[in-house]
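Number of protein chains: 2
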Amino acid sequence: MTESMIGSSKRYPASRPLITQRHAQILSTGSGVPDEVVTNQQLIDELALMATDRAVQYSIGITERRRAPFHVESSVYLEKAARECLQRAGVAAESLDRIIYSRLFGDHFVPATAARLAERLGIDRCIPVTDISAACSGVMHAVELAISMINAGDEYVLVLGGDRTAMSQQVAVAKDTRTVLLNGDGFAGILLGRSPSPSFLARYFYTDSDLSEFAYIPFGTELLNGTLAFGPEMAAMKMPDGRRIHQSVLDSCKIISSRLLEITGLSMQDIDFVITSDQTYHVWKEQLAVLGVPEAKSVSCFHKYGNTVAAMVPLNLHEAYATHAITPGMKVMMMGHGAGASGGGFVFIA
Amino acid sequence: MTESMIGSSKRYPASRPLITQRHAQILSTGSGVPDEVVTNQQLIDELALMATDRAVQYSIGITERRRAPFHVESSVYLEKAARECLQRAGVAAESLDRIIYSRLFGDHFVPATAARLAERLGIDRCIPVTDISAACSGVMHAVELAISMINAGDEYVLVLGGDRTAMSQQVAVAKDTRTVLLNGDGFAGILLGRSPSPSFLARYFYTDSDLSEFAYIPFGTELLNGTLAFGPEMAAMKMPDGRRIHQSVLDSCKIISSRLLEITGLSMQDIDFVITSDQTYHVWKEQLAVLGVPEAKSVSCFHKYGNTVAAMVPLNLHEAYATHAITPGMKVMMMGHGAGASGGGFVFIA
């Protein structure tokens, strides 16, 4: 894997084994998507967009997305995802040792929205919780942290991702039809617990800071120095070079998969199922082509949920478990790609 | 330790040992405070505040704070702190395996500001980096994650905290003299690496979601539903019940210390030095009184830096190392308290 592939000056780190004595596994998944379904035509009508449903389906691959009412807090949907995780695994909320939420906006900026989720879950024990910020690959980072915290003593760690991304785009001035139609509101969770034998066979994570200016949401310094106008557009993602970002997802897909196979000694033919971030339907298809994996060995919820940032990967994983596309004993490759550029993933035995 | 002490309905979790095979230790610390020193009198004059330097020193305990120019990004100061950490430990930037930054605003909202720090450090390897959000106790959470990541395979993990907190308050309308004078801009880092024997003897972390509404910065849902007016006050901390927050810091100080002593089997007399978050000079003094620790066994930089949120704890630790108040072999209790309410800490051998 050479650097030139990704158009970056950086070296991608060598593979590093995951050293655990107390092994972790995925116990369950849960979805926290809002109830309201919004079709392309509804959005086109509401926002008076110059677009047709058919053109949108063809160009982006989305037919509908979910939308949360303006006044409902993100933690309401996190609670829904969390309760499904707990119910499916038969684990009580009170048994959780830690919550890690990969957020975008959250309920508040401070404190962690995970603290408000703990309150909604009625957890009586004051367990440690943290929000992390890592865009579309956030839940993968959170899973890596969860595995390490279980190794260090935790029993049950709940990780969640997703946010009100449709809202953030739609409150922004609808200058870019594609962007407005691309995102959806969505939340999902993954519950991790102990495993008698290693379930996670390998992990690989990286951040390529060469690409840090190619997809970003301002705020921060711009807010403080007054060069960012206060207004809804503050919440909108800037993507000055969408083509390079698109290509970097495909390149990082190659890098992550080759590193994971290298650590495990497996070949792509040994992998039974692939879960990845589907920023668009085409990005999902192209990743599978890069990996040489048939579409039947993966799943994308993009057509019905759109780009839900950190929720994409856990929503696809949830879909695969819920439809029994992933069954016990399968070898799964799971990865996510996000702004930063930041990405990573795992090979695990389901 | 009963719940009634903290005025909370919650149970504080029992002590849990830190299970590590690959042990971690603090290798070095670094400060990234801006150069410009702003005295009370300067701020009083600039903002036309109804206050005197003497009254401010008496009531809050601050004489001056640092201030970053509006246009300079947070990652500039993170780089300064990072380079001092690396230089003091004799570790090359290229050897870092991970960066975790406990931020407030950061350079951008997305991607992680830690990615921009990696770029500034000229790190050629695409190491994984993450921002976390956990207010004043953030660096303590980051250290807990770093210990666990070293246990799972990392060699060197750099954690950092702090942000442009003076700016965030001063761009806000100066309605509350105390708040405007309380904060300072500050950044600091802690470099962790492997240790042949256990250095961290215990950790204890909690989040008390009963207190999540008592200190917060809005944004999030309020931004999306339009109930938050766009403007500089978006960045300002809301503290509807400062007295309860103040009391909770003292109570959580008791809880954290008693749990840490319980795990280690040590008594407070065995602890050679105490590092804690000093939200004000008085909060620092009162914590030491609660612990029964003389002021000579702790340090507060509050008088010269003010409240620097996640940078307070690492700045105090840095001061203690730089002045040789902490020397090798000492048993140190280190903790932080923040919005959430979220807190925790360690006992470690320096």
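Those sequence lines, one after another, are chains A and B.
Numbering-wise, our numbering puts 202 at position 202 of the first sequence, and it's gapless, one number per residue.
Just so we're on the same page, our numbering is the position in the second sequence counted from 1, plus 1000.
The C-beta atom is built at its ideal place from N, Cα and C for all residues, glycine as well.
Keep in mind that this is a model prediction, so the values were computed, not measured.
Item to complete: Tell me, please, whether the CB atom of Glu46(A) is closer than 7 angstroms to any CB atom in chain B?
Response: no
Worksheet entry | C-alpha gap between Glu1213(B) and Lys1238(B), whole angstroms | 9 angstroms
Practice prompt. Note down, in chain order, every chain A residue with its Cβ under 8 angstroms from the Cβ of Gln1021(B).
Written response: Ile19, Gln21
Worksheet item: Are the beta-carbon atoms of Asp1131(B) and Thr1113(B) separated by less than 7 angstroms?
Response: yes
Worksheet item: Is Thr52(A) buried or exposed, if buried means 16 or more other CB atoms sit within 10 Å of its CB?
Response: exposed
Item to complete: Sort Val1091(B), Ala1310(B), Gln1087(B) by Cα distance to Tyr1101(B) and report the nearest one.
Response: Ala1310(B)
Worksheet item: Asp1251(B) CB to nearest chain A CB: under 7 angstroms?
Response: no
Discussion item. Applying the 10 Å Cβ sphere with the 16-neighbour rule, what's the burial state of Ala1341(B)?
Written reply: buried
Worksheet item: For the stretch 1017-1068 of chain B, which segments carrying the beta strand (DSSP E) assignment without a break, of at least 3 residues, lie completely within its bounds, in sequence order?
Response: 1023-1031, 1036-1039, 1064-1067
Discussion item. Assuming Arg103(A) and Ser148(A) are in contact, meaning their beta carbons sit under 8 angstroms apart, how far apart are those beta carbons, in whole angstroms?
Written reply: Their Cβ separation, rounded to whole angstroms, is 20 angstroms, which puts Arg103(A) and Ser148(A) out of contact at 8 angstroms.
Item to complete: Just grab the DSSP bridge partners of Ser1298(B) for me.
Response: Val1274(B)
Worksheet item: So, is the C-beta of Glu1079(B) closer than 7 angstroms to a C-beta in chain A?
Response: no
Item to complete: Decide if the stretch 1024-1043 of chain B is in contact with the stretch 1059-1067 of chain B; the criterion is three or more beta carbon pairs, one per stretch, under 8 angstroms apart.
Response: yes
Worksheet item: Assuming Val1157(B) and Ala1146(B) make a contact with CB atoms under 8 angstroms, what is their CB distance in whole Å?
Response: 4 angstroms
Discussion item. Taking 7 angstroms as the threshold (beta carbon to beta carbon), is Pro111(A) in contact with chain B?
Written reply: yes
Worksheet item: What is the DSSP secondary structure of Met1149(B), counted as helix, strand or coil?
Response: helix
Worksheet item: In chain order, which continuous runs of the beta strand (DSSP E) of length 3 or greater are located wholly inside the stretch 101-150 of chain A?
Response: 129-133
Practice prompt. Decide yes or no for the touch test of the stretch 1080-1094 of chain B against the stretch 1289-1301 of chain B: beta carbon pairs closer than 8 angstroms, at least 3 of them.
Written response: no
Item to complete: Answer yes or no: do Ala1188(B) and His1318(B) have a C-beta to C-beta separation smaller than 7 angstroms?
Response: yes
Worksheet entry | Cut-off 6 angstroms between Cβ atoms - residues of its own chain near Leu201(A), not counting five sequence neighbours on either side | Thr264, Val347
Worksheet item: Lys1010(B) CB to nearest chain A CB: under 7 angstroms?
Response: yes
Fill in: Residue(s) in a DSSP beta bridge with Val1159(B)
Ile1100(B), Ile1190(B)
Item to complete: Evaluate Gln269(A) with the Cβ neighbour count: other Cβ atoms within 10 Å of its Cβ, from every protein chain shown; 16 or more gives buried, anything less gives exposed.
Response: exposed
Discussion item. Quick check on Thr1207(B) - is its C-beta less than 7 angstroms from some C-beta in chain A?
Written reply: yes
Practice prompt. Since I believe Gln21(A) is in contact with Gln1021(B) (beta carbons under 8 angstroms), could you give me their beta-carbon distance rounded to a whole number of angstroms?
Written response: 6 angstroms
Worksheet item: Does any C-beta atom of chain A lie closer than 7 angstroms to the C-beta of Pro1198(B)?
Response: no
Worksheet entry | Distance between beta carbons of Ile349(A) and Ser258(A), contact taken as under 8 angstroms | No, Ser258(A) and Ile349(A) are not in contact; Cβ-Cβ is about 20 angstroms, not under 8 angstroms.
Discussion item. Considering only DSSP beta bridges, list what Met1330(B) is partnered with.
Written reply: For Met1330(B), which the question treats as bridged, DSSP gives no partner whatsoever.
Item to complete: Within its chain, find whatever has a CB closer than 6 angstroms to the CB of Ser1298(B); leave out the 5 residues flanking it on each side and keep chain order.
Response: Val1274, Leu1288
Worksheet item: In angstroms, rounded to a whole number, what distance separates the CA positions of Thr165(A) and Gln279(A)?
Response: 12 angstroms
Worksheet item: So with Cβ pairs under 7 angstroms, would you call Ser1148(B) a contact of chain A?
Response: yes
Worksheet item: Any beta-carbon of chain A closer than 7 angstroms to the one on Pro1314(B)?
Response: no
Item to complete: Tell me Asn1307(B)'s beta-bridge partners as DSSP assigns them.
Response: Asn1183(B)
Worksheet item: Is it buried or exposed for Ala1048(B), if we count other Cβ within 10 angstroms and need 16 for buried?
Response: exposed
Worksheet item: Using the C-alpha atoms, what's the distance from Ser59(A) back to Ser1209(B)?
Response: 44 angstroms
Discussion item. Less than 6 angstroms separating the Cβ of Leu1043(B) from some heavy atom of the ligand MG?
Written reply: Ligands are entirely absent from the displayed structure, and the ligand MG is therefore not among its contents.
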